[in-house]
Ligand code: SF4
Ligand code: SF4
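Protein chains in written order, with my numbering: chain B, 1 to 386; chain L, 387 to 605; chain S, 606 to 952.
Shown next as C-alpha cells:
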C-alpha cells in the first residue's frame, strides 16, 4: 500500500475535514535507522499506518563470496563482516557448523575460551544495542557510558587476537591464538568494574520514568506472533518465551555453567513491549558476566591449536550449526561438495528475521514509537543485508 | 490503585528518577575523563596487534603460500625458479632460497587485516606491525612493493634463467637424441609409434619458462 | 569631538545604542554558552570536547561561527523563498524583542514599562510563528513535522507558564520586572522562592506554592525553548533535525543564536520572578549597578547550566505525553497554586 488515501472526517461542528495520509521515507540516511535501512512509512498525522522496510543498501554478496575461496579458513574473515558489532559470534556460528560438517572434536580449553569470547561479545553487542536505543529515546549520555566500557572489552579482544572489531579469532578446530597471560586478570577486573556501570545506567536509563513511559506498552509483540515470525533472541524472550539456544541446544559447554535465561515479564506494561525487550538485554549482560566469571575460574589447560586441521576437505554433505547470538539464533548452513571450498553457505541472520515483524507491531503506534520499536529490535544492517 | 494514586505516583516517580539520573550525571561530570587526545597521546598497542603488514623481502623463499591464504587476493607475487647453479643466499631461518621473487606487491587498500597470510609463511617473513597511520591521497601509493629487485636485476635474472634453460634444453635434447639413438640402436625394428613423444615434447617443455613474454616488472 | 557628543546625545541615537547592548550581550553570551554546553556535556560523558583551538579550545565557538558564516547559503528549489528567508529573522526578532524589558541590573533595563512580563510573554510568542514558517517554507516533511510539533508544544506550554507567572504577579501586585526585582532586594531571605519579603507566617504559607510554581515555570520554559526532555521539534532521532533541517549557513546560525538567546531569556525570567533578579544574595554586600549585572548573569547562567544538565540526563518525551504533562499535570497544579496564593494574599 503505497498510495495515500484521502479521508473525510466529520468534526463535531458538522463540517467535513479532508485529511490525507502522508508517506515519508525514513532512511537510508535517517539518523535512527541504525545504518542504511529505508522504511517507507505511511503516516496519518503522527500515527503510523503502514511500514514497509526496504533492504539491500548494504548487500555485499558475502554468501556468494564464500563459494569462491581457496579454503574454508578464508570464509571466516567474511562471516566476521556480516554482523560487524558481534563478529566473534558470527565466527563461532560458522565454526560450529563447519566442525559439525568435518566432525572435529575440539579440546575443552578451546570451548571455554570460545564461551568467554562469545559472552564478552554478547555484552559488547548489547552495550551498543541499549546505548543506541537510548539515543533513539533522546538520552545520549548512557550511550557514551556504555561505549566507554565496551572499549574495555575491545581492548581484551585486541590483546588476544590483535584486532578490535573483525577478529578472525575462532578457527575451525581451535583458535588463532591462545589467550595472553594477562587476559584472565584483566577480564576479572573488567567484570568487577563493569557491574558498577551496569547499575548506574540501569538507574539512569532503564528505570527513568520518562523512559518507562516511552517504552512500556509500546510495540507489543505477543508470544504467538513472535513464534510465528520466527523471532529469536531478546526479541523472543522479551515476549515471554523461555527459549535460549545456549540452554536448549547446548552447542558448546554452556550446560556446565550456572546461569538463568532472562524472560520478559511485563513489569512496566504488557509482556513483549519495548521495555521488556530492552530489559532482557540489560539483564542478559549480568548473566553473561556470571558465565564469564565461572569460565575464567575453571579454565582448563590445553593446546588450542591441537585440533586445527591442516587441510580442510570435507566429505560431501551438509551441516547446520547455530548459536545464540546477541540478536538471536544465528545459524550457518553449509553444503559441501568434494572440494576445498563450500558449495553453498546460507546464513540465518537473526536481525533479518526479527526485522520482518516490524510492520506487524508498529501499526497504530506513533512516529516516535516507531523509532523506539526499531531500536528495540536491534538490527545491524550488515547482518540484515549481508 | 485508584487513578488518583497512579497519577500522583507517576509524578513522584518522574521527579525522583530524574533526580537519581541527575545525581549520576553530576558525579560522572566531576570524575576524570577517559578519552585520549589522539594525535598527541597514543594508545599502547598490545603485542599481537594486527595493523599494516610488513614483509621482510630478504627472507622470502617465494613459496606463494601467503598469496594462496589471502581471502581477498591482495598479495601479488611473481616468481621464477633460479638455476641451481645460482646462490641466492639463505633466509635468516637458514632455509636456502631457490626462487627469484621478481615481484612482491601487497595492495594494502584491499587488505582486510585478517592475518591469514602470516600463519602459513614458512620463514616468518610476513608480519603485522602496529603502524596504523598510513593514509594516502593517491590510492596507488597503497600498493606496497616489497620486492627489492631492480629492473636490471630482474632482467639479468631472466637472462640467467633463460640461459640455464637453454643449456638444459640442449642437454636434454642431446640426452634425448642419445636415448633415441640408443633406442634405435637397441631395437632395430621399432614400432613406428614411440618415436613421436621424445622429440616434440622436449622443446615444448623448454618453451614454457620463457613462453609468456612478461615485461620486466616495474618497480 | 563636540559634534560626536552632540550626536550621541540625540535621543534617537541613544536609544539605538542602548538597544544594541542586549544584542552584544546575546552574541557574547551565545558564544560562551555554546562552549559551556559542549564542555558540560563532554564532562558528563567523560570526554573533553574542544581541546585544539586555543587553551582548552576556548576560541572554538568563534571558529564555528566563522565556518557557518562562510558556508553556502542553500535555499531548496521548491521552498517558499520569501518565508524561508524571513523565518529565522522572525524567530530572532521575537527573542530579541523580549530582552527589552529584562532588568539586567539595578541601573539598566531596556524599557521599564509597567506591563513588563506581559509584554515579554507576548513578544516571545512570536517565535512560534517563525518556527511554523520555517517548517512550512522548507517544503520538507520532516521540517513540517517539527514545525507543527513545536507550534503545538509552545502554545500548550504557554498556558501553565503564564499561569505560573500569574501566580507570581498576584504576589507582587505588579508586572513591572524592575519593581519585582526591587521587591526581593535585601538578601537571599527575601527571594520569592523562599517566600518573598513578607511577614513570617505569610512567608511560610507561600513557600510551598512558590516552589511548585517555580517547578512548573521551569518545566514549561524548558518546553518553550525546545530543550530535552521536551526537544521534540528537533528530535534528531525522529525528525532528522526538525524545522531547521533545510537551513544552512548563516540562517542556521541565526536559529541557533535565537535558541540560545531564548534559553537565557527563560532562565532570566525564572531568576527575576523567583530568585531576586539582580539583587545580591548577601543584602547590601556586593550590590551596586555593576555587581547587580554580575549577579543577574550569574544566576541566569546557573539556570542555563541546569538546563544543560537536564538535557544530557533525561530521555525525550513523546508527543502525547508532552501534552499530557502540560494539560493534565502542570495546568491543574498551577491553577491550584493560584487559588491557594489568592487566599494567602487576601488573608
Ligand atoms: S592480512 Fe589478510 S587480507 Fe591482508 S594480505 Fe594478509 S591474508 Fe590478505
Ligand atoms: S609465504 Fe612467506 S616465504 Fe612464502 S611467498 Fe609468502 S612471504 Fe614469501
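Ideal placement from N, C-alpha and C gives every residue a C-beta, glycine not left out. All values derive from a computational prediction rather than experimental measurement.
- Counting along the chain, residue 302 of chain B sits inside no beta strand (DSSP E), nor does DSSP assign it H or E at all.
- Taking 8 Å as the cut-off, the beta carbon of residue 308 of chain B is found closer than this to the beta carbon of residue 174 of chain B.
- Taken atom to atom, the span from the alpha-carbon of residue 667 of chain S to that of residue 831 of chain S is near 24 Å.
- When distances are taken from the beta-carbon of residue 446 of chain L to the heavy atoms of ligand 2, the shortest one is below 7 Å.
- At least 8 Å separates the CB of residue 661 of chain S from every CB of chain L.
- Between residue 457 of chain L and chain B, the shortest Cβ-Cβ separation is below 8 Å.
- Annotation: residue 42 of chain B is outside any alpha helix (DSSP H); the continuous beta strand (DSSP E) that includes it extends over 38 to 44.
- The region 440 to 449 of chain L makes no contact with the region 393 to 413 of chain L; the number of CB pairs closer than 8 Å stays below 3.
- The beta-carbon of residue 933 of chain S is placed no less than 8 Å from the nearest beta-carbon of chain B.
- Listed by position along chain L, the residues whose Cβ is nearer than 8 Å to that of residue 656 of chain S are 423.
- Within chain L, no C-beta atom comes nearer than 8 Å to that of residue 927 of chain S; the closest sits roughly 13 Å away.
- With fewer than 16 other beta carbons inside 10 angstroms of its own, residue 517 of chain L counts as exposed.
- Burial check for residue 772 of chain S: the Cβ neighbour count within 10 Å reaches 16 or more, so the residue is buried.
- For residue 509 of chain L, the Cβ falls inside the 7 Å cut-off from some heavy atom of ligand 2.
- Boundaries for residue 798 of chain S: no beta strand (DSSP E) harbours it, and the DSSP string shows neither H nor E there.
- Annotation: residue 265 of chain B to residue 238 of chain B spans about 8 Å, alpha carbon to alpha carbon.
- Here residue 460 of chain L is buried. Its C-beta has 16 or more other C-beta atoms within 10 Å.
- The C-beta distance from residue 766 of chain S to residue 822 of chain S rounds to 6 Å, short enough to fall under 8 Å.
- Secondary structure of residue 491 of chain L (DSSP, three-state): strand.
- Shown here for residue 920 of chain S: same chain residues with a beta carbon closer than 7 Å to its own, the five before and five after excluded, namely 834 in chain order.
- Taking the CA atoms as reference points, residue 533 of chain L sits about 5 Å from residue 489 of chain L.
- The straight-line gap separating the alpha-carbon atoms of residue 682 of chain S and residue 393 of chain L is approximately 49 Å.
- For the pair residue 355 of chain B and residue 54 of chain B, the Cα-to-Cα distance works out to about 11 Å.
- By the neighbour-count definition (other C-beta atoms within 10 Å, threshold 16), residue 608 of chain S is an exposed residue.
- Taking a contact to require three or more Cβ pairs closer than 8 Å, the region 921 to 940 of chain S and the region 804 to 821 of chain S qualify as touching.
- Ranked by Cα distance from residue 829 of chain S, the first of S:755, S:793 and S:813 is S:755.
- Distances from the alpha-carbon of residue 432 of chain L to those of B:115, B:69, B:211 and B:181 put B:181 closest.
- It is roughly 41 Å from the alpha-carbon of residue 366 of chain B to the alpha-carbon of residue 902 of chain S.
- In chain B, no part has a C-beta under 9 Å from the C-beta of residue 732 of chain S; the shortest such distance is about 21 Å.
- A Cβ of chain B is located within less than 8 Å of the beta carbon of residue 436 of chain L.
- Close partners of residue 833 of chain S in chain B (Cβ separation under 7 Å): 138.
- For chain L, the residues of the region 175 to 204 of chain B that bring a beta carbon within less than 8 Å of one of its beta carbons are 176, 177, 180, 200, 203 and 204, in chain order.
- Contact residues of the region 514 to 526 of chain L toward chain B are 514 (C-beta to C-beta distance below 8 Å).
- Residues of the region 59 to 87 of chain B that bring their beta carbon within less than 7 Å of a beta carbon in chain L comprise 69, 70, 73, 74, 77 and 78, in sequence order.
- Distances from the CB of residue 129 of chain B to the heavy atoms of ligand 1 are all 7 Å or more.
- The secondary-structure analysis by DSSP pairs residue 321 of chain B across a beta bridge with B:332.
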